[in-house]
Every structure is written in structure tokens, then in C-alpha cells.
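Novice:
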Amino acid sequence: MSKRFRVSMALALALVLLVSMAGVTGCKPKTTTDGDGTGSGDVVKGGTMSFYIGEPAYIDPYNTQESEGTEVEQSLFDSLTRVDPLDPSKLMGAAAESWEPNADATVFTFKLKAGAKFSDGTPVAAKDFVYAWNRIVNPNTVNTLTNKVDASVIGYHLAFVKGYDDVVGGKATEMSGLKAVDDMTLEVTLSQAFADFAFVVAHPALAPVPQALVEGGVDYNGAKVPFGDFPVGNGPFKMAEPWKHGQYVKVVANENYIGEKPYIDGVDFKIFKDTEAAYTEFEAGNLDFAPIGEGKIKIAQDKYGVSVDGYTVNPKTQVVLGAENATYYMIFNMADKDLSNLNLRKAISLAINRQAICDTVFEGTREPADNILPPGIAGYEKGAWEFAKYDVEAAKAALAEAGFPGGEGLGTIKLSFNSGAGHEKIMEIVQSDLKAIGIESVFDSADFPVYLKSLDAGKFQVARLGWIADYPITDNFLYPLFQSKSGDNKSKMVDPAVDKALDEARTVTDDAARISAYQAINKSIQAQVPVSPLMFYKHTRVGSSRIHDFVWDAQGLGDFTKVWIDAPAAE
Amino acid sequence: MFQYITRRVLQFIPVFLGVTLLLFLTANYLPGADPIQLKMGEKAIDPATKARLLKNLGLDRPWYAQYVDYLSALSPVHVVYYDGTTPEVDPNLPKGALKQTGTVALVIPSIASEVPPKGVATISPREGMTYTRGEAARWAIGGLTLEFDPPDLGTSIYNGRKVLDILGETYPYTVKLALSAIILEIIFGVGAGIVSAIKKNSFWDVLVTLSTSILVALPVFWLGIMLQYTFAIWMKEATGGAFYLPATGASGEFADWVYLILPSITLASVSTAYAARIMRSQLLEVTGQDYIRTAYAKGLSARKVLWGHAMKNALIPVVTFIGLDFGAMLSGAILTESVFNWPGVGYTIFRSIVGRDFPIVYGGVTIILFAVMFMNLLVDISYAFLDPRIRFGGGDN
Numbered sequence: 005m006s007k008r009f010r011v012s013m014a015l016a017l018a019l020v021l022l023v024s025m026a027g028v029t030g031c032k033p034k035t036t037t038d039g040d041g042t043g044s045g046d047v048v049k050g051g052t053m054s055f056y057i058g059e060p061a062y063i064d065p066y067n068t069q070e071s072e073g074t075e076v077e078q079s080l081f082d083s084l085t086r087v088d089p090l091d092p093s094k095l096m097g098a099a100a101e102s103w104e105p106n107a108d109a110t111v112f113t114f115k116l117k118a119g120a121k122f123s124d125g126t127p128v129a130a131k132d133f134v135y136a137w138n139r140i141v142n143p144n145t146v147n148t149l150t151n152k153v154d155a156s157v158i159g160y161h162l163a164f165v166k167g168y169d170d171v172v173g174g175k176a177t178e179m180s181g182l183k184a185v186d187d188m189t190l191e192v193t194l195s196q197a198f199a200d201f202a203f204v205v206a207h208p209a210l211a212p213v214p215q216a217l218v219e220g221g222v223d224y225n226g227a228k229v230p231f232g233d234f235p236v237g238n239g240p241f242k243m244a245e246p247w248k249h250g251q252y253v254k255v256v257a258n259e260n261y262i263g264e265k266p267y268i269d270g271v272d273f274k275i276f277k278d279t280e281a282a283y284t285e286f287e288a289g290n291l292d293f294a295p296i297g298e299g300k301i302k303i304a305q306d307k308y309g310v311s312v313d314g315y316t317v318n319p320k321t322q323v324v325l326g327a328e329n330a331t332y333y334m335i336f337n338m339a340d341k342d343l344s345n346l347n348l349r350k351a352i353s354l355a356i357n358r359q360a361i362c363d364t365v366f367e368g369t370r371e372p373a374d375n376i377l378p379p380g381i382a383g384y385e386k387g388a389w390e391f392a393k394y395d396v397e398a399a400k401a402a403l404a405e406a407g408f409p410g411g412e413g414l415g416t417i418k419l420s421f422n423s424g425a426g427h428e429k430i431m432e433i434v435q436s437d438l439k440a441i442g443i444e445s446v447f448d449s450a451d452f453p454v455y456l457k458s459l460d461a462g463k464f465q466v467a468r469l470g471w472i473a474d475y476p477i478t479d480n481f482l483y484p485l486f487q488s489k490s491g492d493n494k495s496k497m498v499d500p501a502v503d504k505a506l507d508e509a510r511t512v513t514d515d516a517a518r519i520s521a522y523q524a525i526n527k528s529i530q531a532q533v534p535v536s537p538l539m540f541y542k543h544t545r546v547g548s549s550r551i552h553d554f555v556w557d558a559q560g561l562g563d564f565t566k567v568w569i570d571a572p573a574a575e
Numbered sequence: 006m007f008q009y010i011t012r013r014v015l016q017f018i019p020v021f022l023g024v025t026l027l028l029f030l031t032a033n034y035l036p037g038a039d040p041i042q043l044k045m046g047e048k049a050i051d052p053a054t055k056a057r058l059l060k061n062l063g064l065d066r067p068w069y070a071q072y073v074d075y076l077s078a079l080s081p082v083h084v085v086y087y088d089g090t091t092p093e094v095d096p097n098l099p100k101g102a103l104k105q106t107g108t109v110a111l112v113i114p115s116i117a118s119e120v121p122p123k124g125v126a127t128i129s130p131r132e133g134m135t136y137t138r139g140e141a142a143r144w145a146i147g148g149l150t151l152e153f154d155p156p157d158l159g160t161s162i163y164n165g166r167k168v169l170d171i172l173g174e175t176y177p178y179t180v181k182l183a184l185s186a187i188i189l190e191i192i193f194g195v196g197a198g199i200v201s202a203i204k205k206n207s208f209w210d211v212l213v214t215l216s217t218s219i220l221v222a223l224p225v226f227w228l229g230i231m232l233q234y235t236f237a238i239w240m241k242e243a244t245g246g247a248f249y250l251p252a253t254g255a256s257g258e259f260a261d262w263v264y265l266i267l268p269s270i271t272l273a274s275v276s277t278a279y280a281a282r283i284m285r286s287q288l289l290e291v292t293g294q295d296y297i298r299t300a301y302a303k304g305l306s307a308r309k310v311l312w313g314h315a316m317k318n319a320l321i322p323v324v325t326f327i328g329l330d331f332g333a334m335l336s337g338a339i340l341t342e343s344v345f346n347w348p349g350v351g352y353t354i355f356r357s358i359v360g361r362d363f364p365i366v367y368g369g370v371t372i373i374l375f376a377v378m379f380m381n382l383l384v385d386i387s388y389a390f391l392d393p394r395i396r397f398g399g400g401d402n
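If you read the protein sequences in the order shown, they are chains G and R. Numbering-wise (the working numbering), the first sequence opens with residue 5 and increments by one. Numbering-wise (the working numbering), the second sequence opens with residue 6 and increments by one.
Next up, the structure:
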């Protein structure tokens, strides 16, 4: 090797090292948190909040079935009622001023707020609800973006309304149970009693829409824009420009809104492909609310402070970790020859160390579940599911009682889950927990489409699922998950007594009596161990230090009317 | 040359049919839940609603019928059934659905009527399937109705939007990013390779060799994230000006060229390194050959030998590599797009594969197929200019 070459080599190495170090070291980011974290201080008006979302499927209420579209849509529309963001058991009026069920909870009469308008200035009337709801259910509803039939997948919200089956079946185009008594009165007749119906109508998708604009398009800059890209609603905000697919949705305050007017000028919903990219953008100071990147939760907690109630963001208490109305659980196939054994199900449920899963896999950001109902639901009782706890001795005893002392005589149990979504780590703990009491298990993982199909076909023994409530009510857990005919009852639990009790509970109009009826049903369901609740999902998002009093509720809906933003510092 | 190009273009047809046929076959034999169930995730969907949605999308039909639907919607001439001259609006049906009785019309699609001016009519060529076209683009010739209609790639299962709209708004970004990355690759890759070869064993040569080794080994997403942290977070206040921009480009307006800088560096990184290495080794190999020595012996200047004789031969493999690489970039860049939130086509197609949103997958592959085939043609044509021995006259070379 020549001398010249060696010198060159050394110089080049030094340069390369220097360049790569510039990328690895670098100065620490400055945190600019200020304020006292209590949300006190004078409210400042104005400013635009930037908010992370993934690309929505629809922001037109007729088909908002996923979280991202719903987030945008709920800023544009008010449904009849609204769940209190900080107390999901409480309902407030939104478009409706008051509502009244009849004695057996089959007819609900909603009185609308006087003077309410859509953002284009046309008044909101009961007929706008009738039109909107029929549009959701009608199988021939046209997507305004393509002018092609694109039926909604969320018609099930209105399955209780009388005449639903006729519209779905094509025998009618309007549900007979919907009646605009006058401009301000909407009367809804149900085909079966459902005392919690006022919670159902809080769903953001069940908002009124202006028929003329849905069918004729919306005027924007001298051109007609389809309603699906520019929904016009009765909510606190209105579209600033048509949805820029894959990039952003911009909304600004609606001057025609009759409810509590927002302090901020608007919200920029910035569309991201990847949550990690969003968190980078947050750290760069360009996003006010974002999901926390994987493995960065502890660091974020130290750096930005944790929200006091888990939902409200203020400077220095910016990380929201509140429980969601969602449960992660294992389902047992009750039609399986092994899992039909109640004591085996008990043994498995008692053997799982939920705390270990929450601590090691989720950095403590999930909570061990002791009930299928999350704590935010009115019927929740601590420890109500007596087998949803970690008790190795009891698990062993149950296994012996099941006829398999120490696992003897029991074959290998299949643990099914969808691959590539982080469930492997959870299942590894479950597997070793089962082994500890003598149950051998194998993984049976597949990609999501294949996994869903095998669940539907009942080809599993023990599998994982998550349930996210549509409405924060007990019924929305117990009825879909355990009613014998429900499509979401994947355990295939069949108990006529539970079915009957579930139907009866829906007729109870007194809130306290209904909740205790549901609690009794929950008790008799848990005794059969059709599923084993593992964890309650929790938020893992962070707000910027310039936003105050921002609430991101247990349903994952932001309250953009109370948030205010620091005035930009003078340059 | 013209003959060669014609032959190559005709060769596209079997390639196109082969690829798309394979795609339809694979898509239809993929195990697992249907796209409508995937749209609902873990929540059950009412079977009647699901069946209806599958039918609306034509997904209840066998794969070969779907394939014919796809081809006929895309092809210049296709046949639909409808009631002759003017579709009649039935006031009892919901907006958009029209009465049809079923006569045959010859429909010629063209991109001329992308946006129907007014009186958009929807007819139902088959029960459950609707067909949109513009009033203005219709000519009645004798008893036959000819219609000009844009090629259609169907609608997305996930969000009900037109696949052409989705690709129309993402593909320009893919092209923009690919173009800027390929320019970087040509300037820095080829340039560094030349410098490195000419100044063999110098400081610059070692620098190029070392840095290309490192670049090749760096995962693209890591490099992207490091660039973001360096310029958008750590150096945000220091750099101000040009780099004072959202780390991922997610600001709203993408018109500004500065948004291209970091993603195109990231996308170009690995290929630039490869291009430099290929350029270097080719040039070294060529300069060692007899004809170069002869050229020097004839008294030609080093510059003339390099640019007039060595370069042309050395460039052929480099052009092949860059051409193929550009084709690959035109297929979208999933990682770069995710890290920088670039609104390109790669991530859209990736997400559609995962979610089994077949119309987008089919449409995306169609567009990419055309782009890649076109790039390959350009590369082949460029050979003729680089190497006089390569001729396209239909001879046996």
C-alpha cells in the first residue's frame, strides 16, 4: 500500500466519521414547555390547531365508520345528543334540546334547538335527520364523489328503528319509524325497546345533512364540489376548502353555529401515513396533537408531563394516557371439544399474568382488565369478572377440576392471533403462563384477512380480539359480544336466559335500574367465562405545549370547542 | 428505429396481459376474509349488507368475469347494455340509479370526457353495477350510439372513490420524487464514479468508495429519520430559511421545491452509491482495454479519450442500472413515502394490498406497468446512441 494511499484512506475515514457523527450526536432539542399545567390563565382567542389523522375513508356522515373520518366529521356536525367528554355516562343535548322516551322505551321524541343552522345558513329541521338516517340505511345510496351506488356499512346503528328491515331489503326507501312531526320535533319509533337509544343517536354519523347540497353539490370558488369532499354540517366548524386527499382536511369556525363557539379559528387535520412520521413532526414543533412513537412513551412522559385526568392537555401535562372504551380480550371457542369445558376456560383465564403484559409489552400504558366493561362505562364494577385475574394456584385447581391435573390428558391448545400487529409479544407471555400451570400451547398466527376468516368460520380454540364501543354503554359490550345470534359473538356462547335478560334490560327506562340489570347480566355471563378480558386500551397521544384545555375523550373524539392556543410569541 | 419501437410496443401487449392476468389470479386465490369485512375490521358486518356491497363492486363475479370487466373498462372499445339513446331517469329510484331496458351500444371510451359537463347520467349495464358517463360525449350515428368515455379503473372498496382519481392525485408526486431522485443519482452517482475512476487511489477515490459502502448499508428509513432529526429538529433554529420546513412535508401545500430535498436524497441514497460503484468499475475496466491504449498512442488528449471513447462504452451498464432504477422509483417508494409522509402512489398501493382493496391494486399496477415498460423502451433506445454497434434495423445484432 503506497504512502499516498494510506494518507488518503485516513483522511477519507475521518471525513466520513465526521459526517456520520453529525447525524448521530447533535445538540439536544430544547423543550419550550411553559405554563403551570393546570389550564388556568386567560383564554386567548384565535390560532389554528394542527391535529394528526390517518387518511379517512369518508368524512361524509353517511359512511363514517372508522376513527379518522369520525374525528373530522364530528367537528363539522352535531348529532342529536352528545356524550360528556369527561364523563361518558352522561349525555348532553347537541342538536336536540331535550328528548323523552315513552314508558316502554319504544318511541323517542327529540326536540331540536331553535335557530340551528347548517354552515351555509339554511335552518336545521327534523326532516334533515330523517333524510340523513334513511340515506345511511338505503342500499341504493349514491356516493357523491363517484355518483355510483355505494351503500353505507354503518346502517346497523339504526337497526332498532321501525322499518329498517324494509329499507335494507329494498321494499321501501324510507323507514316508517322516522317522523318529522314538525320542523323542531323528531319522533323515532323503534321496532324493539331500547332505553339507551339516546346514546346511540350521539354517534357522530347520525347527524343531519342538507338534502339539497348532498344531491346538488356544494358551491366552492364558483364550482360545484361533491358533498363527500366538502360536507356542510351543523357543527362548530365548517370546511375551509375541499378535502385534499392524502394531505389534509382544513376546517374553520362556523359562524352560523348556535352552540358554544370555539376559541380557535380552525383545525388543520394533517393526514399522515405513519404514526412515527407524525411524532417526528410533533417533535419538530409542527403538530399540536400526535400519537407517541413506539417505545417512546416513557421518554415522552418525562419530557412533556402526564395529563392529570388522562384526557385533558395543558402545558406540562401534555401526554394523555386515559382509558379508552375498548377492551382487549381472549375468546374461547365454546363449540370446541376442549374449550367447551368451563373449568378449562377458568384455568386459562386465571393463569394469565395481565400486569406483566401491560408492564413489559406496553410500558405500563395499558391496564389489566378485570371486567369486559372498561372503567368508563356506567355499568363497570371493579373485579366483576372473577376469573379475569392472575391466580396460579386457583388456575391449577381449576385445571385439575377440568379433568386435566397438571395438564395431563389435555392436548396442545392453539393460540390464534393476527401476525405482524404486535400480538406476538403478548402471546409469548400467555404461552409461558399457560405452560406454568401445565398447559402446552402453540401459536396459530396468520395475516389479518386469513385470521378474520378463521374466526368467522369458528376455526380456532383460543384467540385474541379487541372490542371498541360504538357508544359508551353496557349494552354495546354485552349485546354484540354475548347475545346468541350476534355476529360479533365469536365465542358462540348460547344462553337463552342471557338473551332474554339482555332484551328485557333494554326496556328499562330508569337509568339506575337499567344499569343494575346489566350488571346482573354481566355477572351471569362472566360465570360462563366465554372470553377472558386481558387489558383495557389506553390513549397514547401527546399535545403541544401551546394548547390549553384540549380534551381527547375516551371515544377518541377531540373537543375542539374548549381548546385555546397561546398567542405566538412576538418575533 | 421506427420498426424497432413498433415491435417493442407490440411486445407490451403480451407482457401487459400476462402480468394483469397473473395479478387477477393471485388476488382471487388469496386466502382470507373479503375486502368488505376488512373494511369493518374486527366488527361483524350484516351478511346482507356485505353481499350487496360485493355485488355493487362486481366482486361477487368469478375472477375471469372481473378480469374481462377490468379489460373492457380500460380498452378503447367496449360494449355495455342500455336502453338506446337517452337513459330515462326514474323519479322513484334514488339519485343516480336509472331505468334500463337493455339494448346493445358500442361505447368508445376516451379521456375526453373525464368530467361530464352537465346532466351526468348513470345507467345500469348489469343489475347492481352502475356506469357513469357524460351527456356531451355521445354521438348517434345511424342506429348505433357511440360514446366517448374515459378509461375506468373502478372504485376503491375502502372509500368508494374512483381509482383514477386516487392515482391521479398520487402519481404526479411519485413522478416528481422519482425525477428529482434520479437527477441526484445521475449527478452524484455518475459524477463520483468518474472522479473516483480517474483519480484512482486518491483521497477522492477512497472517500467515494468508503461513503458508497456506508450508504449501501444504511437502511433507507433510518437515513430518512436521521435527516429529519438533523435538519428539522436539531438544526431547526440554526438553519432557518430553506430547511425551516415541516420534517415530513405535511404542511398542506406541497408546491414548494424545498419539500423535495430530504425525501429525494433519501430515495436516491442507495442507488447513487450503486451507480457510483458501477460507473467506477466500468470506467476502470474500459480504460484498461487495448483500444484506449491505441487512442492514447495515436496522440489523443486524455480528455478526448475519456469522453470520446471510454465513456460511451462504460456508460452502457450504468444507463441500464439507472433506467431500471428509475422504473422502480416510478413504482412508488413505500419507505420514503412513509417516513416523509410523501403523498405518492407506493404507500397507497401497499395499503391497498394489505386491505385487499383490489381495484386500487389493479389500477396501480396498470399505471406502473406502463411506466416501467416505457422506461425499458427508453433505455433500449439509448443503447443505440451509446454504442454504434447496436442497431435497431431488425438485423440479428
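The beta-carbon is built from N, C-alpha and C at its ideal position, and this holds for glycine as well. Just so we're clear, the structure is a prediction, and the values are computed from it rather than from any experiment.
Any heavy atom of the ligand HEM inside 7 Å of the beta-carbon of residue 375 of chain R?
Specialist: For the structure depicted, the ligand HEM is absent and the ligand set is empty, with no information on it obtainable.
Novice: Do three or more CB pairs link the stretch 430-440 of chain G to the stretch 371-384 of chain G at distances below 8 Å?
Specialist: No: fewer than three Cβ pairs fall under 8 Å.
Novice: Relative to chain R, which residues along the stretch 276-290 of chain G have a C-beta separation below 8 Å, given in chain order?
Specialist: Within the stretch 276-290 of chain G, the qualifying residues are 276, 277, 278, 280, 281, 282, 284, 285, 287, 288, 289, 290.
Novice: Out of G:92, G:61, G:418, G:386, which has the shortest C-alpha to C-alpha gap to residue 328 of chain G?
Specialist: Of the candidates G:92, G:61, G:418, G:386, the one whose C-alpha sits nearest the C-alpha of residue 328 of chain G is G:92.
Novice: Output, in chain order, the set of chain G residues within a Cβ distance shorter than 7 Å of residue 57 of chain R.
Specialist: Ordered by position in chain G, the residues that pass the 7 Å Cβ test against residue 57 of chain R are 143, 155.
Novice: To the nearest angstrom, how far is it from the Cα of residue 174 of chain R to the Cα of residue 371 of chain R?
Specialist: For residue 174 of chain R and residue 371 of chain R, the distance between alpha carbons rounds to 16 Å.
Novice: What is the rounded straight-line gap between the Cα of residue 179 of chain G and the Cα of residue 105 of chain G?
Specialist: Using only the alpha carbons, I get a separation of about 19 Å.
Novice: Who are the near neighbours of residue 58 of chain G in its chain, counting only those whose CB is closer than 6 Å to its CB and skipping five residues on each side?
Specialist: The residues are 72.
Novice: So the candidates are G:145, G:343, G:549; which of them puts its Cα closest to the Cα of residue 318 of chain G?
Specialist: Checking every option, the nearest Cα to that of residue 318 of chain G belongs to G:549.
Novice: Rounded to whole angstroms, what's the CA-CA distance from residue 543 of chain G to residue 558 of chain G? Just pull it up for me.
Specialist: C-alpha separation (whole angstroms): 8 Å.
Novice: Say whether chain G places a C-beta atom closer than 8 Å to the C-beta of residue 1 of chain R.
Specialist: Here chain R covers residues 6 to 402 and nothing more, so residue 1 of chain R does not appear.
Novice: Below 8 Å on C-beta distance, what does residue 345 of chain R contact in chain G?
Specialist: The answer, in chain order, is 281.
Novice: Of all the residues that make up the stretch 361-380 of chain R, which are near chain G by a beta-carbon distance shorter than 7 Å?
Specialist: Cβ contacts with chain G come from 361.
Novice: When Cβ atoms are compared, which residues of the stretch 44-72 of chain R fall closer than 7 Å to chain G?
Specialist: Residues passing the 7 Å Cβ filter: 44, 45, 47, 48, 49, 50, 51, 53, 54, 57, 58, 61.
Novice: Could you give the distance in angstroms between the alpha-carbon of residue 247 of chain G and the alpha-carbon of residue 232 of chain G?
Specialist: About 9 Å.
Novice: Please look up how many angstroms separate the CB atoms of residue 195 of chain G and residue 168 of chain G, rounded, as I've assumed it's under 8 Å.
Specialist: At roughly 7 Å, the Cβ-Cβ gap stays under 8 Å, so residue 195 of chain G and residue 168 of chain G are in contact.
Novice: Under 8 Å between the Cβ atoms of residue 337 of chain R and residue 380 of chain R?
Specialist: Not closer than 8 Å, so no.
Novice: Comparing alpha-carbon positions, which option in R:224, R:266, R:162, R:208 lies nearest residue 59 of chain R?
Specialist: Answer by Cα proximity: R:162.
Novice: Going by DSSP in three states, residue 563 of chain G sits in which element: helix, strand or coil?
Specialist: If DSSP states are grouped into helix, strand and coil, residue 563 of chain G belongs with the strands.
Novice: What span of residues does the beta strand (DSSP E) with residue 243 of chain G cover, start to end?
Specialist: Start and end: 241-243.
Novice: For residue 286 of chain G, count neighbouring C-beta atoms within 10 Å of its own C-beta (all shown protein chains included) and say buried if the count is 16 or more, exposed if not.
Specialist: It is buried - the Cβ of residue 286 of chain G has at least 16 other Cβ atoms within 10 Å.
Novice: How should residue 20 of chain R be labelled, buried or exposed, when 16 other C-beta atoms within 10 angstroms of its C-beta is the threshold for buried?
Specialist: Exposed, by the Cβ-count rule.
Novice: Take the Cβ of residue 7 of chain R as the centre, count every other Cβ of all protein chains shown within 10 Å, and call the residue buried at 16 or more, exposed below.
Specialist: Classification of residue 7 of chain R: exposed, given that the 10 Å Cβ count is below 16.
Novice: Who are the neighbours of residue 164 of chain R on chain G, taking C-beta pairs under 7 Å?
Specialist: Under the 7 Å cutoff, chain G gives 61, 62.
Novice: Which residues in chain R have a C-beta closer than 7 Å to the C-beta of residue 159 of chain G? List them in chain order.
Specialist: Result: 54.
Novice: In chain order, what residues of the same chain lie with their CB nearer than 8 Å to the CB of residue 138 of chain G, ignoring the 5 residues before and after it?
Specialist: For residue 138 of chain G, where only same-chain residues beyond five positions count, the Cβ hits under 8 Å are 171, 177, 178, 179, 182.
Novice: Taking a cut of 9 Å between CB atoms, which residues from the stretch 444-477 of chain G lie near chain R?
Specialist: The stretch 444-477 of chain G vs chain R, Cβ under 9 Å: 450, 451, 452, 453, 454, 455, 456, 457, 458, 459, 460, 469, 470, 471, 472, 474.
Novice: At what residues does the alpha helix (DSSP H) containing residue 213 of chain R begin and finish?
Specialist: From DSSP, the alpha helix (DSSP H) with residue 213 of chain R extends over 208-222.
Novice: On the DSSP letters alone, give me the boundaries of the alpha helix (DSSP H) that residue 178 of chain R sits inside.
Specialist: It spans 168-189 - the alpha helix (DSSP H) in which residue 178 of chain R sits, taken as one unbroken run.
Novice: Please check if any C-beta of chain G sits within less than 8 Å of the C-beta of residue 352 of chain R.
Specialist: Cβ-Cβ to chain G under 8 Å: yes for residue 352 of chain R.
Novice: Is the CB of residue 37 of chain R under 8 Å away from at least one CB in chain G?
Specialist: Answer yes: the Cβ-Cβ gap between residue 37 of chain R and chain G drops below 8 Å somewhere.
Novice: Please work out which residues of its chain come closer than 7 Å, Cβ to Cβ, to residue 571 of chain G, disregarding the five sequence neighbours upstream and downstream, and give them in chain order.
Specialist: For residue 571 of chain G, where only same-chain residues beyond five positions count, the Cβ hits under 7 Å are 48.
Novice: My assumption, with CB atoms under 8 Å, is that residue 80 of chain G sits in contact with residue 341 of chain G. Please give the rounded CB distance.
Specialist: No, residue 80 of chain G and residue 341 of chain G are not in contact; Cβ-Cβ is about 52 Å, not under 8 Å.
Novice: Pair every Cβ in the stretch 266-276 of chain R with every Cβ in the stretch 170-186 of chain R, then say whether three or more of these pairs are closer than 8 Å.
Specialist: Touching, yes, given that three or more Cβ pairs across the two stretches are closer than 8 Å.
Novice: For residue 172 of chain G, return the contacting residues in chain R, with the cut-off set at a CB-CB distance below 9 Å.
Specialist: Going along chain R in sequence order, the residues near residue 172 of chain G (Cβ under 9 Å) are 51, 53, 54, 57.
Novice: Identify the contact partners of residue 342 of chain R in chain G, using a Cβ-Cβ distance below 7 Å as the criterion.
Specialist: 277, listed in chain order.
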